[in-house]
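Comments concern the structure below.
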Amino acid sequence: MKILLSNDDGVHARGLKALYDALSVAHDVRVIAPDRNCSGASNSLTLVNPLRLHKMDSGFYSVTGTPTDCVHIGVNKLLDFEPDIVVSGINHGANLGDDVIYSGTVAAATEGRHMGLPAVAVSLDSFAPDADFSIAANIAAKIISQIQTHPIPSDQILNINVPAVGLDEINGVKTTRCGKRHQADTMVKTQDPFGRDVFWYGAIGKIKDAAEGTDFAAIKNNYVSVTPLTVDMTAHQSVTLLENWITQIQI
Numbered sequence: 004m005k006i007l008l009s010n011d012d013g014v015h016a017r018g019l020k021a022l023y024d025a026l027s028v029a030h031d032v033r034v035i036a037p038d039r040n041c042s043g044a045s046n047s048l049t050l051v052n053p054l055r056l057h058k059m060d061s062g063f064y065s066v067t068g069t070p071t072d073c074v075h076i077g078v079n080k081l082l083d084f085e086p087d088i089v090v091s092g093i094n095h096g097a098n099l100g101d102d103v104i105y106s107g108t109v110a111a112a113t114e115g116r117h118m119g120l121p122a123v124a125v126s127l128d129s130f131a132p133d134a135d136f137s138i139a140a141n142i143a144a145k146i147i148s149q150i151q152t153h154p155i156p157s158d159q160i161l162n163i164n165v166p167a168v169g170l171d172e173i174n175g176v177k178t179t180r181c182g183k184r185h186q187a188d189t190m191v192k193t194q195d196p197f198g199r200d201v202f203w204y205g206a207i208g209k210i211k212d213a214a215e216g217t218d219f220a221a222i223k224n225n226y227v228s229v230t231p232l233t234v235d236m237t238a239h240q241s242v243t244l245l246e247n248w249i250t251q252i253q254i
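In our numbering, the protein residues as written are 4 to 254.
Below, the structure is given as C-alpha cells:
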C-alpha cells in the first residue's frame, strides 16, 4: 500500500520512526508530521499563518502546523500519488475513552477519513521516556496490512491502543468501545519568575467506565484494543426524540 504517515508528537518522535520502520518493510510510506509536539490539538487547522514545509535528511517532511494540516497538505499538494490509507502514530501515551475527542493522533486519522481515505490511529499505553515502541509498531503493521482485504466502513476509522508490556505478555487483540472518564481536575494557577499568573491544565479525569468491552478494560488486561470510531457525530438515536417536540416550536 501507499501510506501517508503522520502523528501529533512531532516529526522527531520515536513512535513515528518505529511505525515507519515497521510499515516500510511491506509498504511505500511517506511521513509528513508537525515540527513540534501538538498533543491535544484535536482537529484544529492553522488559518492565521502560512504553513511552511521542510524536508529533513531522513526524508520525512516537517510542517509548521497541526496533525490535520499535515494530512491536508500531504494529500492535496505534497504527495505525487493518492495514498491508499492514512496512518497516525505511534502516540506516546494511550488514547482511550474520552481522550479521543482531544487527541491530535486520532484527529490526523479522522482528517484522512474526511478526505475519503481509510485511516488508522495508533497509541502506546506508556509515557515512560524510554518506552519501547517496536512491539506496538509490529502489531499495528499487521492490523493495517489486513485492511487491504478487510476494508474499514467509509464513515469510520480504527483507533488502536497497545499495552506497554512484552510481546509474551500480550493476551491478544480485542474489538472495543470507548470507555469514559470523570470530569478532569480544575486548572492549576501558579506564577512565572516575574510574578505573573499562569495556568496549567490539571490531571486528567479518573476512569469512570472501564467495564468489560471497553478500551480501558482491554488495556488493563493486556489486550490490544481496536475501537472503530465513527466520523459522523450525529446522535441518530435522538433524531426522532427531537422531532417529537421541536416541530411544535412556532417561528
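Heads up, the beta-carbon is just placed ideally off N, CA and C, and yes, glycines get one too.
Legend entry - 8 Å contact criterion, which D12 and L22 should meet: CB distance rounded: That pair is no contact at about 11 Å.
Legend entry - 8 Å Cβ cutoff met for V89 and L7: The answer is yes: Cβ separation under 8 Å.
Legend entry - Per-residue DSSP class, three states only, for L22: Note: L22 maps to helix in three-state DSSP.
Legend entry - Proximity of N116 and V234 at Cβ, strictly below 8 Å: This sequence places Arg at residue 116; Asn is not what is there. Taking 8 Å as the Cβ cut-off, R116 and V234 qualify as a contacting pair.
Inset, instruction - Whole angstroms is fine: what's the gap from G169's alpha carbon to F130's? - result: Roughly 16 Å separates the two Cα atoms.
Inset, instruction - Decide if the stretch 26-39 is in contact with the stretch 59-72; the criterion is three or more beta carbon pairs, one per stretch, under 8 Å apart. - result: Between the stretch 26-39 and the stretch 59-72, the count of C-beta pairs closer than 8 Å reaches three or more; the two stretches touch.
Inset, instruction - Taking the CB atoms as reference points, tell me whether V28 and M59 lie closer together than 8 Å. - result: By the CB criterion at 8 Å, V28 and M59 fall outside the cutoff.
Inset, instruction - Name the two residues that bound the continuous alpha helix (DSSP H) containing S137. - result: Where S137 is concerned, the enclosing alpha helix (DSSP H) stretches over S137 to Q149.
Legend entry - V165 versus K223: straight-line alpha-carbon distance, rounded: Those two C-alpha atoms are separated by around 10 Å.
Inset, instruction - Ignoring anything shorter than 4 residues or poking outside the stretch 117-203, list the alpha helix (DSSP H) runs there in chain order. - result: List check, alpha helix (DSSP H) in window: 137-149.
Legend entry - In DSSP terms, what T233 is bridged to: Beta-bridge partners of T233 (DSSP): Q159.
Inset, instruction - With a threshold of 16 other CB atoms inside 10 Å of the CB of F197, please say whether the residue is buried or exposed. - result: So F197 counts as exposed.
Legend entry - Test item: CB-CB of A111 and V74 under 8 Å: A111 places its beta carbon less than 8 Å from that of V74.
Legend entry - Start and end residues, beta strand (DSSP E) containing D212: Boundaries of the beta strand (DSSP E) around D212: I210 to D212.
Inset, instruction - Starting from A238, follow the alpha helix (DSSP H) in both directions and report where the run begins and ends. - result: Note, A238: premise wrong, no alpha helix (DSSP H); not H, not E.
Inset, instruction - Return the first residue and the last residue of the alpha helix (DSSP H) that I93 is part of. - result: The continuous stretches of alpha helix (DSSP H) do not include I93, which lies in the beta strand (DSSP E) extending over residues I88 to H95.
Legend entry - Nearest-angstrom Cα separation, counted from D101 out to S157: One alpha carbon belongs to S157, the other to D101, and they sit about 22 Å apart.
Legend entry - Residues near A97 in its chain [Cβ-Cβ closer than 6 Å; skip 5 each side]: Result list for A97: S126, D128 and N164, in chain order.
Inset, instruction - May I ask you to report which of helix, strand or coil DSSP gives V51? - result: Secondary structure of V51 (DSSP, three-state): coil.
Inset, instruction - Hey, could you find the ends of the beta strand (DSSP E) K5 is sitting in? - result: From DSSP, the beta strand (DSSP E) with K5 extends over K5 to S9.
Legend entry - Outcome for H57 when other beta-carbon atoms lying within 10 angstroms are tallied against a minimum of 16: Taking all protein chains shown into account, H57 has fewer than 16 neighbouring C-beta atoms within 10 Å of its C-beta and is therefore exposed.
Legend entry - Residues that DSSP places opposite D64 in a beta bridge: The question names Asp, yet the displayed sequence has Tyr at residue 64. The bridge partners DSSP lists for Y64 are I35 and K58.
Inset, instruction - State whether the stretch 227-241 contacts the stretch 184-203, with contact taken as three or more CB pairs (one from each stretch) at a distance under 8 Å. - result: Not touching, per the Cβ criterion.
Inset, instruction - Could you check the C-alpha separation between L82 and I252 for me, to the nearest Å? - result: So the two alpha carbons sit approximately 50 Å from each other.
Inset, instruction - State the DSSP-derived secondary structure class of T250, mapped to helix, strand or coil. - result: Coil at T250, not helix or strand.
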